[in-house]
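**Student:** The structure is given below, and queries will be raised subsequently.
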Amino acid sequence: MKLTASCTDCLISRVEYESRLCIDDPLRVSEIVDACRDLLRRIIADPVPAPVIASRVHRLAYRMIGDDDPYRSLKKGNNEDAAAVCRKVRGDLSTFRDLALASVIGNTLDYGSKAHTVTDNFVEFFRREFAAGLTIDDTAGIEGHASRVVYLADNCGEIVFDALFADYLKKSGSHVTFAVRGAPILNDATMEDAVALGLDRRVDLLTPNTDGVAELGLNRELAPPALADALDRATLVIAKGMANYESLSEDRDLPPVAYLMSVKCSPIGADIGIPVGSRVALLRE
30 MKLTASCTDC LISRVEYESR LCIDDPLRVS EIVDACRDLL RRIIADPVPA
80 PVIASRVHRL AYRMIGDDDP YRSLKKGNNE DAAAVCRKVR GDLSTFRDLA
130 LASVIGNTLD YGSKAHTVTD NFVEFFRREF AAGLTIDDTA GIEGHASRVV
180 YLADNCGEIV FDALFADYLK KSGSHVTFAV RGAPILNDAT MEDAVALGLD
230 RRVDLLTPNT DGVAELGLNR ELAPPALADA LDRATLVIAK GMANYESLSE
280 DRDLPPVAYL MSVKCSPIGA DIGIPVGSRV ALLRE
């Protein structure tokens with residue numbers, strides 16, 4: 030997907046949000062927002078997927094903020110909230126579909142969309158969403174492709190459920206390559222977050238999606254050789270979250286892709302043809 034005019038306000042609002050997380054100076058925040066808006070104006074028509082443009086804008090914001098991880102404390106809280114839910118519901122997550130749904134609900138722990146607010150009671154929210162089930166449920170077809178999986182992770186908090194899903198895949202005989210962000214961006218999971226959960230011991234290969242560049246989604250031009258090789262050999266890509274959807278939705282040079290996400294903005298919903306708030310496990314072959 031390309032960045033649309035309706036995405037610009039959302040992106041700039043995220044710049045303001047992350048600036049205010051670190052800076053208590055309205056004038057300085059305004060300077061950062063103006064600089065990022067100017068950059069966005071200059072690059073918005075570039076023929077690249079939306080996450081490539083958004084990443085450039087966030088990288089400028091981080092440099093001007095002077096903090097390479099503005100969401101640091103929120104990420105820690107998200108992981109704690111998700112772990113608390115896992116302790117309560119883990120016994121109920123016994124099937125491929127259960128774990129896919131849990132990881133989709135975890136995708137709501139996301140600060141990347143202006144239209145979406147992260148719940149302040151994740152335990153109760155999880156129970157309601159789990160009872161409601163998946164809006165699009167292609168899990169039976171997805172599971173049938175899962176012999177060699179490249180799992181493209183997304184947010185902190187969510188990664189706690191992703192780890193359980195990876196455990197299930199491994200126990201079922203899958204070869205699992207698990208990819209996280211190459212550097213902090215938004216509240217997305219990095220190698221540090223993944224290693225803290227023991228994913229380096231729980232999957233066949235744990236890899237960043239770049240060699241140290243803060244990049245949303247999957248920019249295949251920046252993928253390290255190990256990840257590029259895993260994609261070439263995969264029978265299934267599990268793409269978590271909206272940025273991975275935006276990165277890959279027009280890429281036809283891939284194995285079957287399972288898009289697992291909570292739809293948190295109208296452009297994504299319109300592209301798929303479903304309402305905001307939908308819980309999606311969508312297989313595209």
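Everything in the sequence shown is counted per our numbering, starting at 30 for the first residue and increasing by one. Even glycine gets a Cβ: it sits at the ideal position worked out from N, Cα and C.
1. Let's see if you can read the secondary structure: which residues bound the beta strand (DSSP E) around leucine 283?
2. Applying the criterion that 16 or more other CB atoms from any shown protein chain within 10 Å of the CB defines a buried residue, is valine 224 buried or exposed?
3. With distances taken from CA atoms, which of Val58, Val86, Ser123, Arg157 is nearest cysteine 39?
4. Tell me which same chain residues have a C-beta within less than 8 Å of the C-beta of arginine 262, skipping the five on either side of it?
5. With distances taken between CB atoms, is the gap from arginine 66 to isoleucine 94 smaller than 7 Å?
6. Taking the CB atoms as reference points, tell me whether leucine 251 and leucine 181 lie closer together than 7 Å.
7. Among the candidates Val77, Met290, Pro55, whose CA atom is the shortest distance from the CA of alanine 131?
8. Helix, strand or coil for threonine 219? Go by DSSP, reduced to three states.
9. Which residues does DSSP pair with glycine 292 in a beta bridge?
10. Could you check the C-alpha separation between serine 84 and valine 77 for me, to the nearest Å?
11. Going by DSSP, what residue range makes up the beta strand (DSSP E) through leucine 234?
12. Verify whether the separation of the beta carbon atoms of alanine 161 and glycine 135 is less than 7 Å.
13. Mark proline 345 as exposed unless 16 or more other C-beta atoms lie within 10 angstroms of its C-beta, in which case mark it buried.
14. Taking the alpha-carbon positions, what's the arginine 88 to glycine 202 distance?
15. Who does aspartate 166 pair with in a DSSP beta bridge?
16. Check the C-beta distance from alanine 218 over to valine 209 and give it rounded, since I have them as a contact under 8 Å.
17. Quick check on the DSSP output: the beta strand (DSSP E) that includes tyrosine 180 runs from which residue to which?
18. Can you grab the Cα-Cα spacing for the pair serine 142 / arginine 57, in whole Å?
19. Specify the secondary structure class of asparagine 108 as computed by DSSP and reduced to three states.
20. On a CA-only basis, which of Met271, Ile303, Ser307 is nearest asparagine 32? Give me that one, please.
21. Considering only DSSP beta bridges, list what lysine 269 is partnered with.
22. Can you find the residues in the same chain that come closer than 7 Å, C-beta to C-beta, to leucine 122, ignoring five residues on each side of it along the sequence?
**Tutor:** With the given structure in hand:
1. Going by DSSP, leucine 283 is part of no beta strand (DSSP E) at all; its letter is neither H nor E.
2. It counts as exposed.
3. Here the closest residue by C-alpha is Val86.
4. If the five residues before and after arginine 262 are omitted, its C-beta is found closer than 8 Å to the C-beta atoms of Arg177, all from its own chain and listed in chain order.
5. Not in contact: arginine 66 and isoleucine 94 (Cβ atoms no closer than 7 Å).
6. Not a contact, by the Cβ cut-off of 7 Å.
7. With distances taken between CA atoms, alanine 131 lies nearest to Met290 out of Val77, Met290, Pro55.
8. Three-state result, threonine 219: strand.
9. For the record, residue 292 in the displayed sequence is valine; it is not glycine. Partner(s): none; valine 292 has no beta bridge.
10. If I take the Cα positions, the gap works out to 11 Å.
11. Here the beta strand (DSSP E) through leucine 234 covers 234-237.
12. Contact: no.
13. The requested residue 345 does not occur in the structure, where the chain is confined to residues 30 to 314.
14. So the two alpha carbons sit approximately 39 Å from each other.
15. Aspartate 166 pairs with Ala310.
16. Confirmed, about 5 Å.
17. From DSSP, the beta strand (DSSP E) with tyrosine 180 extends over 177-181.
18. With a pLDDT of 46 at serine 142, under the threshold of 50, the modelled position of that residue is not reliable, and no figure is offered here.
19. Helix.
20. Here residue 32 turns out to be leucine, not asparagine, going by the sequence shown. That would be Met271, whose Cα lies nearest to the Cα of leucine 32.
21. DSSP output for lysine 269 lists Leu289 as bridge partner(s).
22. Cβ neighbours of leucine 122 beyond the five flanking positions: Leu128, Ala131, Leu193.
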